[in-house]
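To convert, note that position 405 of the sequence shown is 407 in our numbering; the numbers rise steadily by one, no gaps.
Virtual Cβ for every residue (Gly too), placed ideally from N, Cα, C.
Input: a single structure, listed below in structure tokens.
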Amino acid sequence: MKKFLLALSCLLLSLSGYSQIVSYNGQYFKIDTLYPLYDIPSHNKGLSYPWEITYGPDDSLWITEAHRYRIWKIHPGNKGNRILLDLSALATFDYYKMPNGYPPPQGGLMGLALHPQLLSGKPFIYVALVYDVYPASGSPNNSNCAGSGSITNQPCYFKTKILRYTYNTTTHTLGSPTIVMDQLMGSNDHNSGRLKVSPVPESDGNYHLYYTIGDQGAGQFNNGLRTNNAQNKDVYEGKVLRLNTEDDGDPDDGAYSPWIPNDNPVVNSVSGKVNAVYSFGHRNAQGLVWAHIGSKYILYNSEHGDKSDDEVNVITPGGNYGWPKVAGMCDDNYTTSDANPNNDKLANQTITDEKSFCIANNVQEPLFSFFNVSGNSIPSSSSSNYTWPTIAPSSIDYYDKVYIPGWTNSLLVTSLKLGMYRLKLKADGSAVDSSSTAQITDTIPYLHEYRIRDLAIAPTGDTLFLAIDSSGSTSGPTGGFSGRTVATKTPGHILRMVYLPAPLESQRPPVIPRNKKINTTLVFPNPATNHLEVLCRDLLQQPFHVSLYDVSGRSLLTEIFSSSHFMVWLENIPPGLYIFSMLDGNGVQVTTQKILVLRH
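Here is the structure:
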């Protein structure tokens with residue numbers, strides 16, 4: 003019997019790889035591995051820091067591999083995959099063997115965007131990558147970059163560029179590289195790097211390319227003495243840039259004029275010419291998405307905060323988003339006027355009054371903040387970033403489908419610390435709908451076990467595709483994961499999360515209210531058919547973490563309950579023998595039982 007079970011478990015692993023059914027807020031999803039393929043040993047380690055995942059009009063997933071500088075295509079159904087283009091030769095350094103002991107840049111090969119007319123006359127894709135490191139002499143230089151960054155406070159300087167490639171729809175290859183912008187400043191922290199093309203032609207009749215570039219980590223860690231230029235509209239740091247998708251024919255003046263739209267909102271104070279800045283005052287905006295709501299197209303971003311107040315913003319032309327003078331709301335939770343010394347500075351700059359700066363500079367407050375806390379609650383910089391009231395938002399997408407009940411008109415925000423959050427919007431997209439959940443300050447969390455870099459949504463609306471980071475070891479406040487460890491489940495994997503319509507409520511047995519104390523946690527019936535009922539013994543710490551494992555140890559179901567009496571639904575669990583495990587809110591094992599699932 004043991005040999006049979008072992009053989010069966012090996013067969014299941016080789017055929018299906020990682021797979022489980024999870025439940026969140028009464029909705030069920032199947033999660034499995036799209037890449038790597040577990041039956042191919044050379045592929046079972048995942049990608050090297052997948053960064054961008056985009057669902058293309060050719061029914062393929064386009065993915066960037068940050069540290070190995072490769073562009074992949076993966077089929078969302080049959081799992082076929084191939085490397086479309088290797089860009090590692092464009093980098094003057096090996097990410098894993100940096101010269102002179104320099105730290106590597108944050109990111110590497112970062113954003114990728116497809117032109118909306120990719121298959122109908124405009125076969126363009128756009129990528130952003132860090133491609134060069136400044137030498138130890140000249141200006142700027144990395145003469146002190148190799149030293150102990152936290153001691154010397156000397157910056158590390160890199161170069162970033164944006165390229166356009168042409169996709170050959172016959173040979174399915176990328177060629178004809180064209181520089182959109184190069185010599186953009188790069189860093190070992192806060193490069194941002196997200197790219198998006200406007201979904202429809204804008205008021206000038208053209209599509210435009212939007213790019214987020216961070217503040218380079220200025221004012222913190224080894225970049226402590228680096229000038230923070232997020233408020234300087236002449237410098238492309240801490241900005242959202244707006245660019246042309248095609249050369250507009252303007253004379254090349256050395257400042258990328260052919261690629262800068264003539265109707266951009268910001269003029270360079272020295273040259274008097276329109277520059278690429280679309281909005282400013284950003285810290286590290288790694289999320290960017292267009293949403294079609296009603297008759298409007300709205301541009302949203304997600305942005306890493308410092309020790310609190312990760313932001314979701316509506317991006318407007320010429321808008322000032324406050325950094326480094328304001329973090330999150332204009333509420334003075336960073337100020338020298340209270341007794342807490344931990345909230346006196348942002349980016350190593352003393353903050354006396356956020357509210358006054360907001361009024362004087364017309365600062366745009368965020369749509370939502372993860373999480374807005376009082377000044378007295380701002381933690382010390384020396385405390386663990388796992389404990390900070392932040393989620394480290396890595397990307398943002400918009401769900402406009404109708405397939406998953408309740409999700410329509412929602413923003414999906416992935417997190418490097420806590421998986422993914424869903425923000426249900428009001429009808430006009432101007433605010434989060436506080437009536438969508440009883441705990442609006444916690445939003446609606448999903449997938450807390452994962453460090454998610456990016457996601458894509460299938461056109462059908464039933465499936466999400468998730469790019470899982472390879473580890474939690476990024477620099478700065480984005481480095482934390484899960485509050486416990488830098489490890490993440492399924493590192494470097496591409497996961498597929500499919501919504502499973504629930505059975506009719508009339509087919510489910512009711513949860514019977516408990517009216518007396520019990521001394522032992524009960525799990526019944528056993529054998530079970532379509533559900534388990536759980537009655538918890540008294541005085542246990544909530545919430546309860548429930549898992550169901552098969553005989554090979556694979557997790558097929560994970561759920562979290564904040565009630566002492568609940569149902570675990572088994573409709574999507576095949577017949578067989580399973581292990582039921584339950585932990586209390588302190589992570590202490592409550593019960594482990596063998597459960598037999600039968601079907602009549």
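Pick from the options that is closest to residue i, judged by C-alpha positions
i: residue 181; options: 156, 92, 230, 123; result: 92
i: residue 139; options: 102, 397, 547; result: 102
i: residue 370; options: 309, 337, 25, 433; result: 433
i: residue 532; options: 564, 542, 576; result: 576
i: residue 348; options: 466, 226, 201; result: 226
i: residue 30; options: 416, 559, 54, 117; result: 559
i: residue 131; options: 98, 122, 77, 189; result: 189
i: residue 530; options: 542, 166, 596, 548; result: 596
i: residue 527; options: 71, 572, 520; result: 572
i: residue 94; options: 54, 163, 127; result: 163
i: residue 70; options: 32, 55, 82, 112; result: 112
i: residue 82; options: 97, 62, 557, 73; result: 62
i: residue 345; options: 360, 319, 378, 362; result: 378
i: residue 358; options: 323, 272, 334, 167; result: 334
i: residue 1; options: 315, 307, 490, 184; result: No answer is possible for residue 1: it lies beyond the span of the chain, which begins at 3 and ends at 602.
i: residue 158; options: 171, 141, 174; result: 141
i: residue 331; options: 555, 313, 100, 21; result: 313
i: residue 174; options: 124, 86, 97; result: 86
i: residue 66; options: 256, 217, 110; result: 110
i: residue 255; options: 239, 273, 341, 171; result: 273
i: residue 293; options: 129, 73, 100, 427; result: 427
i: residue 303; options: 321, 601, 269; result: 321
i: residue 417; options: 447, 381, 550, 407; result: 447
i: residue 341; options: 376, 325, 311; result: 376
i: residue 362; options: 380, 219, 323; result: 323
i: residue 599; options: 590, 591, 578, 176; result: 578
i: residue 218; options: 192, 98, 537, 384; result: 192
i: residue 474; options: 449, 454, 382, 353; result: 454
Alpha carbon of residue i to alpha carbon of residue j, nearest angstrom
i: residue 545; j: residue 410; result: 28 Å
i: residue 452; j: residue 276; result: 42 Å
i: residue 37; j: residue 58; result: 17 Å
i: residue 481; j: residue 317; result: For residue 481, the pLDDT reaches just 40, beneath the cut-off of 50, and the residue's location in the model is therefore unreliable, leaving the point undetermined.
i: residue 399; j: residue 365; result: 24 Å
i: residue 33; j: residue 24; result: 7 Å
i: residue 580; j: residue 561; result: 15 Å
i: residue 21; j: residue 552; result: 11 Å
i: residue 119; j: residue 392; result: 37 Å
i: residue 250; j: residue 161; result: 25 Å
i: residue 466; j: residue 458; result: 6 Å
i: residue 389; j: residue 424; result: 21 Å
i: residue 422; j: residue 413; result: 10 Å
i: residue 90; j: residue 96; result: 8 Å
i: residue 534; j: residue 47; result: 35 Å
i: residue 350; j: residue 224; result: 12 Å
i: residue 588; j: residue 264; result: 58 Å
i: residue 539; j: residue 567; result: 9 Å
i: residue 591; j: residue 28; result: 24 Å
i: residue 222; j: residue 536; result: 49 Å
i: residue 207; j: residue 338; result: 48 Å
i: residue 586; j: residue 352; result: 43 Å
i: residue 420; j: residue 195; result: 21 Å
For residue j and residue i, believed in contact at Cβ under 8 Å, the rounded distance
i: residue 356; j: residue 327; result: 7 Å
i: residue 281; j: residue 242; result: 4 Å
i: residue 197; j: residue 115; result: 4 Å
i: residue 55; j: residue 456; result: 5 Å
i: residue 283; j: residue 233; result: 6 Å
i: residue 584; j: residue 547; result: 7 Å
i: residue 237; j: residue 299; result: In fact, because the Cβ distance is near 28 Å, the residues do not count as touching under 8 Å.
i: residue 523; j: residue 594; result: That pair is no contact at about 11 Å.
i: residue 606; j: residue 117; result: Outside the displayed range of the chain (3 to 602) lies residue 606, so it cannot be described from this structure.
i: residue 72; j: residue 88; result: 5 Å
Looking at C-beta atoms only, is the number of pairs between the segment 141-148 and the segment 229-240 that lie closer than 8 Å three or more? They do not touch, by the three-pair rule.
Secondary structure, beta strand (DSSP E): runs of 3+ residues fully inside the segment 228-288: 241-246, 279-282
Which ranges does the beta strand (DSSP E) cover as unbroken runs of at least 3 residues, wholly within the segment 549-582, from first to last along the chain? 557-563, 567-571
The segment 492-506 touching the segment 451-470, judged by at least three CB pairs closer than 8 Å: yes
Per the contact definition of three or more C-beta pairs closer than 8 Å, is the segment 240-255 in contact with the segment 209-222? By the C-beta criterion, the segment 209-222 is judged to be in contact with the segment 240-255, since at least 3 inter-stretch pairs fall below 8 Å.
Any 3 or more C-beta pairs closer than 8 Å across the segment 387-398 and the segment 285-302: yes
Pick out the complete beta strand (DSSP E) segments inside the segment 172-215, 3 residues or longer, and give them in chain order. 175-189, 194-199, 210-215
Sequence ranges, beta strand (DSSP E) only - wholly within the segment 367-448, length at least 3: 370-372, 395-401, 412-417, 421-426, 446-448
Those runs of the beta strand (DSSP E) which lie wholly inside the segment 283-318 and span at least 3 residues: 289-295, 298-305, 312-316
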